[in-house]
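Asker:
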């Protein structure tokens, strides 16, 4: 996902003569947070989220795993927008099958949690709905999501269903879910817990986690290690860019990926040159 | 799905200053039946189907449920065309696992039901194939579907598989199904019943039902209540449009969605003004 | 899939008057192998693959079945690129759940099989990974696939997961898989066997099989019958093109599809004329 | 299932010295219809059902397949009673997801079909409920089933759920189903069709089919070929009994199963002797 | 489950002459809480649980539904002991996929919740583990369950897996689960919440709920309505016992089930007589 | 599974007075290989298999995991015999979806692998069939299994289906599988590889692996570590027996499980005394 489409498009034409001449160069994709979010982020978030917009998710996954979190990747959901990078901070909710007594008590105490989370969202937040995989009712819909969007919302992750899918598809942010449904949350489900640890697919997400989503799925980064992961992954990506370039020039994969000492030396020169 | 994409596209640019100034307005999406169907509909259908092309599926679902049909939404199938509204009238078929004796008797009595239904289709019809979720054989294919299309066919809903997917993707109508398959219906399946009640996902569809499909799935409206559902849902949508507008202008969701008395009063003024 | 989109697009406009005048003609879709592969194929492969780029998969399926292979169609995987024809020759690998002793022995003996297969790939090859449907780890990723692409790779079929999905989506070849995942193959899986018979969905694929993929799924053609299948299917397609044309002109499906003797006579005249 | 448990129990003790002496003999299991059914059957049914109580289901499957019915075995359901042979004649019902309009019309026309089928059942009947695999509501329960039992009912096959499982477990007949549920059929399901072709798992069952069930699942035999299948299968079983005996005496499987000419000769002598 | 097995056993023998003479009588099954629990219950629980040991689960389900709880039946789990009535009070736990940071914080604060719940269990408690359906690790095992048993534990309900299945099978209480597994809870899962609302299958269970389990599944009764449900269901069961008796005597189901006025009158006389 | 049923049965009676007096003692279950196998094992196997008949599977799982094999437990299959310990050595086969060309080549080269494996089986062998989870055809059946049994076969593990289930249920060895089916292996499947690494559920099994099965599932122990695992697990079990005893006497779980230093000291005294 770090290769620009235009480059690969031209590859189709010119690769036939690759063995002789290396006509391709790597144009790193320029991914950015939407302006309406970026402007409103704290300075620290702006820096962090900008790095995570550009990082290789695979590199970041390796580092998150190495830090002791091998179960932090969600790949059971479907994304509404193709080829779209989502970065933000988890704001979690837990939904359970509806039952009258619990529902009455909870809803007497305050608004349903999709309203509350939309209203309280901070710029760069991602709403995370744990609905236990239930797809017979949508946990929220388009109107509520407009409020979230205006607040600076950066995405939604639902282990369940949503309403108003075409409207969500048109919004400038990503939504991950299992399926759509036209039904309101009632009478099948009810919102129960706000900002607690939840289960999405086979991953525990806690409030404040940094989420990085793409077509593969969503990497869940504990907030404390997010900056370190971003920095180290970008370094690792630099190495992979070099390896991609060599392979596009027709070199053998042996010695290049993974690198043998000779290739590593060439890489260090390449990096030195690039940084000057 | 009632917000124009261009509006939401511009949202990404201008929302940063939303709090100060309300620069967005709602452009209702203009959805229409394809001309080749519309021209051939009866006058009554033209009016009804036109309304259902524009209605919010979520509003319509609420009304269908309120009329006593809480199990009438299909969300287990996949659609071939993204962001495409399907409206039409169900023409149903039932397929069963093949067995020689039943097949011989049935096929001696007349053509297979995919041929028959294509030939007998009326403008605005939607072919509904109950294949019990079987995906190891396609119930019909591209050639037969051309006949259906020429007859004014408005869509297909298959709880099973279809052949010739790329050809169907290119047609000016929607197809919902589980998967594609290159296999003919034989030797796995056979067509058994025509114009009987069938099961699609977890919904019973009967001949004459009015179907409204979108990315969320398909709402099944009993014919007798279709006009009432369409009219009432459009009224409800007007209210949601107003709510969307307020939220896009930066108002809090509390009081707006759902409406408190003050907002309702503003809405009534808005509606009055809009109608003059 | 043999109807050009432009034709069907115009159908939406003009079909209303179809009954009177036949304004539509069939423009067969022009499908071709990407140039970077085509140039490097052997002469025999270039002829065979070119035919299979154009053939109707349904016609070919009938012939493969008639030759004694009724279980040779894969429809359990998802494709990364919409509306894209894949043709090539299977190069197979088998992955198993990881266990230390087997892994150590295998990896001491040579490189992991995704590297090896990318390096040894011949122009027009399709990498086939049998990972037993496991989606908790990717069997390979973007960097390795660049080597495969440069070697003339024509596609990938994975009964499991892949990394770097956005990068793969941008490549000029098709990938079929179950899901994406950011994880490396370890610690969940390991590559075990190279160029052996494997199971993809419910089909056995052997090295050298000719694969033809489209939106329906992938037809697996034993190499020995591939040329015969291609030729006979193209003949059959010619007949279906004629039938499509008649139906687009408003003729009844009865007698046309399947053909009665009168239609068959008209078809033979049509074919004769077309060939002069 | 044609080996008596007592034999195999003793096998555990004596098999250690099998190579020297053949101490085992085959005691064919004596399976019979329950007396309360048998007494009330027609003479023809008594003969047919008695044979099918003793036949090898695998032999019968081969013959049903050879007659042109390769898709006639149900193995997707669970049986309530272990190690219990069920034989009888299918009386079918079709259930669909509930919807008010259809339900009102149907239930105005007569009793629900579980009542009707229990009341009209003939001795040796098996009730077959096609509920589309739905397990959120039971199609019938214990009280109704008592009526069926008293009428001479021989079993139940439900592609869905039943109520009152412990009561059914205590009855002298077999029940196959997906799961139990305490819910009445309403409000999830409704009975729609009586004595029509239905789908159970991936098999079509029609009224009058002869069903033979065991722990493997249920063989569906078209009525017209049932007598022939029973007779031929019993002949084939005789051969397998001989093969079992040879293997228990320690002979190699090669030449015995399948038989080479020498073994076949020995079998013919064995059969001749046995019949005198 | 209200018919004694011995009665139904004898039915097989005598039913053939049922039409003439009514030789069967209903012996209500005597179900009781195990003595080791019963002795230690509070007086109120002893009365309530005793009624629920005898009640028809289907009758109770109807009443729970009528009170506004139509989603309170769990039928997705498997029971270890056949034909065994479980009654008790829910003590809930919630497990999530393991992650280092959450686990360290939680386990520093106190013992894992399977230990804690076993230690704090009151007589008649049922441990309810919400493990999100995860079956790759057992949430608890045999040793811990001995402590629970000694404390007066009445059953376990696990939406996930357990260790030591043969040991649990030998215990004098019921266990419902998805599958067994030999793995400890780590490294796949961790215990997170104690005595909170949880999801089991598609039902919300809260601490204090009264659970009644049998082969059909588990009915979840809110504590506040449990006494009323028990009393009313027993009354309803009395009516069903009468209906069963009539049907066993060979009466038609029409008029008996459901009752017409004449049968109701007979029932009232029967009840009067029975109570004297 | 290390508590005798009789003990736990009596628990139900006496536990009410447990707090005062500790009336229960642990009677370790006596599990043994069937005599017909045991007599024919090599001396080394007799010792190893005897230990593994008695070991706690959970203890053994911990040790296998600690040796570097965290993915070696199969819990996706169903067992034919309840409460039955299976121990033996894996003899593996791989089945693939049938295709004519591969089948003809393979079957020309020698007998089908279910025959071959039955004929070549050594005492204590377990046949392991990888059929990719396919349940539409049985990989083998009762007659062939008799030959395996006579050879000293100790069990069967099938990731797929088997024929002749009642016959297998009556045999003095365990069978694990997905479902039964009456169909022969053809025309759906074919046997392809003998004594190669295979996938069962999500575990790789290689020829020579030592399998230990129980109601939880099957632990796969690499042959090289089997003796060490058996010895160490038995030691660990001794500790758990002590812990069980303390808990049955009414002690708190805290300090006992896991052990605190004081309990450990008591355990060491208990062990010393027990060994004298």
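Protein chains in written order, with my numbering: chain B, 26 to 301; chain R, 26 to 301; chain E, 26 to 301; chain L, 26 to 301; chain P, 26 to 301; chain C, 26 to 301.
From the three backbone atoms N, C-alpha and C, an ideal C-beta is built for every residue, glycine too.
#1: Cα-Cα, which of P:72, P:81 and P:178 is closest to residue 263 (chain P)?
#2: Assess contact between the segment 180-187 of chain P and the segment 218-229 of chain P, defined as three or more Cβ pairs (one per stretch) separated by less than 8 Å. Is contact present?
#3: Where do the N-terminal and C-terminal ends of the alpha helix (DSSP H) with residue 78 (chain L) fall, by residue?
#4: Show which residues of chain R have a CB atom less than 8 Å away from the CB atom of residue 122 (chain L).
#5: In or out: residue 211 (chain E) buried (at least 16 other Cβ within 10 Å) or exposed?
#6: Can you tell which of E:282, E:278, E:220 and E:158 has its C-alpha closest to the C-alpha of residue 228 (chain C)?
#7: My understanding is that residue 153 (chain C) touches residue 237 (chain C), with C-beta atoms under 8 Å, so please give their C-beta distance in whole angstroms.
#8: If you drop the 5 nearest sequence neighbours on each side, which residues of the same chain put their C-beta closer than 8 Å to that of residue 107 (chain C)?
#9: Which residues in chain C sit within 7 Å of residue 126 (chain E), going by Cβ to Cβ distance?
#10: In the structure shown, what three-state DSSP assignment does residue 264 (chain B) receive?
#11: Considering only the alpha carbon of each residue, which of E:69, E:78, E:285 and E:71 lies closest to residue 56 (chain E)?
#12: Could you pull the DSSP bridge partners for residue 103 (chain L) from this structure?
#13: Counting only runs of 3+ residues fully inside the segment 214-262 of chain C, write out the beta strand (DSSP E) ranges in chain order.
#14: Can the beta-carbon of residue 235 (chain L) be found less than 7 Å from the beta-carbon of residue 258 (chain L)?
#15: When you compare the CB of residue 51 (chain R) with every CB in chain L, is at least one pair closer than 7 Å?
#16: Beta-carbon within less than 8 Å of residue 206 (chain E)'s beta-carbon, same chain only, minus the 5 sequence neighbours each way: which residues are those?
#17: Straight-line CA distance for residue 123 (chain L) to residue 266 (chain L)?
#18: Is residue 282 (chain R) buried or exposed, if buried means 16 or more other CB atoms sit within 10 Å of its CB?
#19: Within the 7 Å Cβ cut-off, does residue 242 (chain B) reach chain P?
#20: Residues in the same chain with beta-carbon distance under 8 Å from residue 61 (chain P), minus the five sequence neighbours each way, listed in chain order, please.
#21: So is residue 282 (chain P) in contact with chain L if we call contact Cβ pairs under 7 Å?
#22: From the beta carbon of residue 48 (chain C), is the nearest beta carbon of chain L less than 7 Å away?
#23: Would you say residue 150 (chain E) and residue 110 (chain E) are within 7 Å of each other, going by their C-beta atoms?
#24: Rank C:127, C:203 and C:166 by C-alpha distance to the C-alpha of residue 142 (chain C) and give the top, closest one.
#25: If you check the beta carbons only, do residue 216 (chain C) and residue 118 (chain C) fall under 7 Å apart?
#26: Are the C-beta of residue 175 (chain R) and some C-beta of chain E separated by less than 7 Å?
#27: Please tell me whether residue 243 (chain C) and residue 99 (chain C) are closer than 7 Å, where the distance is taken between their beta carbons.
#28: To which residues does DSSP link residue 113 (chain P) through a beta bridge?
#29: Sorted by chain position, which residues of the same chain lie with C-beta nearer than 7 Å to residue 192 (chain L)'s C-beta, five sequence neighbours on each side aside?
#30: Out of E:180, E:296 and E:75, point me to the one whose CA is closest to residue 104 (chain E)'s CA.
#31: Could you please give the first and the last residue of the uninterrupted alpha helix (DSSP H) stretch that includes residue 62 (chain L)?
#32: Return the first residue and the last residue of the alpha helix (DSSP H) that residue 126 (chain B) is part of.
#33: The beta strand (DSSP E) spanning residue 183 (chain L) covers which residue range?
#34: Using a Cβ-Cβ cutoff of less than 6 Å, which residues in the same chain neighbour residue 298 (chain R) once the five nearest sequence positions on both sides are dropped?
#35: Would you report the Cα separation of residue 220 (chain P) and residue 73 (chain R), rounded to the nearest angstrom?
#36: By the 10 Å Cβ neighbour count, where 16 or more other Cβ atoms means buried, how is residue 83 (chain L) classified, buried or exposed?
Answerer: Reading from the atomic positions:
#1: P:81
#2: yes
#3: 68-79
#4: 96, 224, 227, 228 and 229
#5: exposed
#6: Checked all of E:282, E:278, E:220 and E:158; the closest Cα to residue 228 (chain C) is E:158.
#7: For a cut-off of 8 Å, the C-beta gap from residue 153 (chain C) to residue 237 (chain C) is around 13 Å, too long to register as a contact.
#8: Same-chain partners within the cutoff: 240.
#9: Residues of chain C passing the Cβ test: 247.
#10: helix
#11: E:78
#12: L:202
#13: Fully enclosed beta strand (DSSP E) runs of 3 or longer: 214-219, 223-225, 228-230, 235-239 and 242-246.
#14: no
#15: Caution applies to residue 51 (chain R), whose pLDDT of 45 falls short of 50 and renders its modelled position unreliable; the model cannot decide the point.
#16: 160, 161, 162, 163, 186, 187 and 188
#17: Distance between the alpha carbons of residue 123 (chain L) and residue 266 (chain L) is about 50 Å.
#18: Residue 282 (chain R) is buried by the Cβ-count criterion.
#19: no
#20: 177 and 197
#21: It does; some Cβ of chain L falls within 7 Å.
#22: Unreliable placement is indicated for residue 48 (chain C), whose pLDDT of 39 sits below 50; no coordinate value is reported for it.
#23: no
#24: Checking every option, the nearest Cα to that of residue 142 (chain C) belongs to C:166.
#25: yes
#26: So, interface residue.
#27: yes
#28: P:236
#29: 167
#30: Among E:180, E:296 and E:75, the Cα nearest to that of residue 104 (chain E) belongs to E:180.
#31: 60-63
#32: 125-134
#33: In this chain, the beta strand (DSSP E) harbouring residue 183 (chain L) covers 180-184.
#34: Correct list: empty, nothing qualifies.
#35: Distance between the alpha carbons of residue 220 (chain P) and residue 73 (chain R) is about 53 Å.
#36: buried
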